[in-house]
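Novice:
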Amino acid sequence: MNKQLEEIQEEEVFNESEDAFEDEEEDSLRLDAGEEPEADRERPSSFDEEIALFKGSIQPSQMDATQLYLSEIGASKLLTPEEEVRFSRLAQKGDAASRKRMIESNLRLVVKIARRYMNRGLALLDLIEEGNLGLIRAVEKFDPERGFRFSTYATWWIRQTIERAIMNQTRTIRLPIHVVKEINSYQRVARQLAQKLDHEPTAEEIAALLGKPLEEVERMLGLNERIASVDTPYGKDADKPLLDTIPDESASDPMESLQADGLKRHLDEWLHRLNDKQREVVERRFGLHGYENATLEQVANELGVTRERVRQIQMDALRRLRVILEREGFSAESLFK
Numbered sequence: 002m003n004k005q006l007e008e009i010q011e012e013e014v015f016n017e018s019e020d021a022f023e024d025e026e027e028d029s030l031r032l033d034a035g036e037e038p039e040a041d042r043e044r045p046s047s048f049d050e051e052i053a054l055f056k057g058s059i060q061p062s063q064m065d066a067t068q069l070y071l072s073e074i075g076a077s078k079l080l081t082p083e084e085e086v087r088f089s090r091l092a093q094k095g096d097a098a099s100r101k102r103m104i105e106s107n108l109r110l111v112v113k114i115a116r117r118y119m120n121r122g123l124a125l126l127d128l129i130e131e132g133n134l135g136l137i138r139a140v141e142k143f144d145p146e147r148g149f150r151f152s153t154y155a156t157w158w159i160r161q162t163i164e165r166a167i168m169n170q171t172r173t174i175r176l177p178i179h180v181v182k183e184i185n186s187y188q189r190v191a192r193q194l195a196q197k198l199d200h201e202p203t204a205e206e207i208a209a210l211l212g213k214p215l216e217e218v219e220r221m222l223g224l225n226e227r228i229a230s231v232d233t234p235y236g237k238d239a240d241k242p243l244l245d246t247i248p249d250e251s252a253s254d255p256m257e258s259l260q261a262d263g264l265k266r267h268l269d270e271w272l273h274r275l276n277d278k279q280r281e282v283v284e285r286r287f288g289l290h291g292y293e294n295a296t297l298e299q300v301a302n303e304l305g306v307t308r309e310r311v312r313q314i315q316m317d318a319l320r321r322l323r324v325i326l327e328r329e330g331f332s333a334e335s336l337f338k
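In this text, residue positions in the sequence shown follow the working numbering: the first is 2, and each later residue adds one.
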């Protein structure tokens, strides 16, 4: 294990420029270190079982298209380990036919992984499409000389692209850039460990390579979870949710949208239809009328009330503003995204 970690550290010098290029690509991807890797290869006889399982989980409107797709990829012949190495070597040399064969023979793996992410904001076929992009990326970057199976490596990229798509679809809060960069460094090391160890690394293995405390690694990886995790207890005493420690960096977006849609002149009028407390909370939270955007906790301290009370006032105010916009013929999405 120590020898493998030393080899990775040496390789980081040579891979630094390539990893820097990939940083932007991987900004919103999370590492689920506790999940087992996919099986190396699905048996042909199991694919009909996959179709049967889908019938009970996909929406009727998608049934025909999904079944058609599953039937089409089910006709693709799976590769033997020897063929996998041969075709991947040819693909590395730019052989388009070999690259296509590698992709087509692993489309089932994408479907299997995509099923795990159903009911998270994207339709099944959209999840599969995003996963296919990860598969293509894996084929382009896979090095068969390392000796591990392609499915292990491809699983990493498939999950990353799917999870990035889900996060882009559902998240409302962006992490600060310095936090994102630190998470990327952990992701980069985790990816290299996955290649060396032939399994997805644990937080302990990542911490050992980076020489950082396990608690810090787990905390940073946890920041990259889906948006639902922003209410997770955070801090030394776990006495407040993560959401309250992150400034509302999207506060400028409503103003930009107002300017773009010609709605800015109505803002004062709408705000004055709120009561005094609602108006002040909205102004402080979203940085309007001279206030700097602030967290729920900061507003609560300023107003001398609890954080939960500020949250309730904000929700009531935004709900009221939405009704006002819709009554006057404006799209509520102009302000709330």
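All C-beta atoms in this analysis are idealised placements derived from N, C-alpha and C, irrespective of residue type, glycine included.
(1) Taking only the alpha-carbon atoms, compute the straight-line gap between Phe-287 and Gly-305 and give it to the nearest angstrom.
(2) Apart from the five residues on each side of it in sequence, which residues of its chain come closer than 6 Å, Cβ to Cβ, to Arg-138?
(3) Less than 8 Å between the beta carbons of Ile-1 and Arg-285, yes or no?
(4) Using the C-alpha atoms, what's the distance from Ala-204 back to Ala-295?
(5) According to DSSP, is Met-119 part of a helix, a strand, or is it coil?
(6) Quick check on Glu-201: does DSSP put it in helix, strand or coil?
(7) Mark Met-221 as exposed unless 16 or more other C-beta atoms lie within 10 angstroms of its C-beta, in which case mark it buried.
(8) Under a Cβ-count criterion, where at least 16 other Cβ atoms within 10 Å of its own Cβ denotes burial, should Met-316 be classed as buried or exposed?
(9) What are the start and end residues of the alpha helix (DSSP H) that includes Asp-317?
(10) Which stretch, first to last residue, makes up the alpha helix (DSSP H) that contains Gly-135?
(11) What are the boundary residues of the alpha helix (DSSP H) that Asp-269 is part of?
(12) By the three-class DSSP mapping on this structure, what secondary structure does Tyr-292 have?
(13) Compute the Euclidean distance between the alpha carbons of Phe-48 and Gly-75, then round it to the nearest angstrom.
(14) For the candidate residues Thr-156, Glu-219, Asp-127, whose alpha-carbon lies nearest to that of Val-140?
(15) What does the alpha-carbon distance come out to for the pair Leu-126 and Gly-132?
(16) Can you find the residues in the same chain that come closer than 6 Å, C-beta to C-beta, to Leu-297, ignoring five residues on each side of it along the sequence?
(17) Once you ignore the five residues that flank Arg-100 on each side, which residues in its own chain have a CB closer than 7 Å to its CB?
(18) Would you mind reading off the limits of the alpha helix (DSSP H) that contains Ala-105?
(19) To which residues of the same chain is Ser-89 closer than 7 Å at the C-beta, ignoring the five residues directly before and after it?
(20) Just to confirm, are Glu-206 and Leu-194 a CB contact at a threshold of 8 Å?
(21) Just curious, the alpha helix (DSSP H) that Glu-281 is in, first and last residue?
(22) Just to confirm, are Leu-153 and Leu-134 a CB contact at a threshold of 8 Å?
(23) Output yes or no for whether 8 Å exceeds the beta carbon distance between Arg-147 and Gln-196.
(24) With DSSP collapsed to three states, give me the class of Leu-79.
Specialist: Quick look at the numbers:
(1) To locate residue 287, count along the sequence shown from 1; it is residue 286. To locate residue 305, count along the sequence shown from 1; it is residue 304. Whole-angstrom Cα-Cα distance: 19 Å.
(2) Residue 138 sits at position 137 when you count from the first residue of the sequence shown. The residues are Trp-158.
(3) The chain is shown from 2 up to 338; residue 1 falls before or after that span and cannot be answered.
(4) Within the sequence shown, the letter at position 294 stands for residue 295. Within the sequence shown, the letter at position 203 stands for residue 204. Going by the C-alpha atoms only, they are around 33 Å apart.
(5) Counted from its first residue, the sequence shown places residue 119 at position 118. Looking at Met-119 - three-state DSSP - the assignment turns out to be coil, as it is neither helix nor strand.
(6) Here residue 201 corresponds to residue number 200 of the sequence shown, with the count starting at 1. The answer is coil: DSSP assigns Glu-201 none of H, G, I, E or B.
(7) Translated into positions along the sequence shown, residue 221 becomes position 220. By the 10 Å Cβ count, Met-221 comes out buried.
(8) Along the sequence shown, one-based indexing puts residue 316 at 315. Per the 10 Å Cβ criterion, exposed.
(9) Along the sequence shown, read from residue 1 onward, the residue named residue 317 stands at position 316. Looking at the DSSP string, the run of the alpha helix (DSSP H) that includes Asp-317 is 308-328.
(10) The residue given as residue 135 occupies position 134 in the sequence shown. Unbroken alpha helix (DSSP H) run through Gly-135: 125-142.
(11) Start at 1 with the first residue of the sequence shown, and residue 269 comes out as number 268. Asp-269 -> alpha helix (DSSP H) spans 268-272.
(12) Position 291 of the sequence shown, counting from 1, holds the residue named residue 292. Three-state DSSP puts Tyr-292 in coil, outside helix and strand.
(13) Taking the sequence shown and counting its residues from 1, one reaches residue 48 at position 47. Taking the sequence shown and counting its residues from 1, one reaches residue 75 at position 74. With a pLDDT of 46 at Phe-48, under the threshold of 50, the modelled position of that residue is not reliable, and the figure given next carries that caveat. So the two alpha carbons sit approximately 7 Å from each other.
(14) As a position in the sequence shown, residue 140 is number 139, starting the count at 1. It is Thr-156.
(15) Counted from its first residue, the sequence shown places residue 126 at position 125. Counted from its first residue, the sequence shown places residue 132 at position 131. So the alpha carbons of these two residues sit roughly 10 Å apart.
(16) As a position in the sequence shown, residue 297 is number 296, starting the count at 1. Correct list, in chain order: Asp-245, Arg-308, Val-311, Arg-312.
(17) Translated into the one-based positions of the sequence shown, residue 100 becomes position 99. Ala-92, Val-140, listed in sequence order.
(18) Position 104 of the sequence shown, counted from the first residue, corresponds to residue 105. Note that residue 105 corresponds to Glu in the displayed sequence, not to Ala. Its alpha helix (DSSP H) spans residues 97-105.
(19) On the sequence shown, residue 89 is found 88 positions in, with the first residue counted as 1. Same-chain partners within the cutoff: Met-103, Phe-143, Pro-145, Phe-151.
(20) One-based indexing of the sequence shown puts residue 206 at position 205. One-based indexing of the sequence shown puts residue 194 at position 193. Yes. Within cutoff.
(21) Walking along the sequence shown from the start, residue 281 turns up at place 280. Glu-281 -> alpha helix (DSSP H) spans 277-287.
(22) Counted from its first residue, the sequence shown places residue 153 at position 152. Counted from its first residue, the sequence shown places residue 134 at position 133. Sequence inspection shows Thr at residue 153; the Leu mentioned does not correspond to that position. Result no, Cβ atoms of Thr-153 and Leu-134 do not sit closer than 8 Å.
(23) Within the sequence shown, residue 147 is the residue found at index 146, counting from 1. Within the sequence shown, residue 196 is the residue found at index 195, counting from 1. Yes, Cβ-Cβ distance for Arg-147 and Gln-196 is below 8 Å.
(24) Within the sequence shown, the letter at position 78 stands for residue 79. In this structure, Leu-79 counts as coil in the three-state DSSP scheme.
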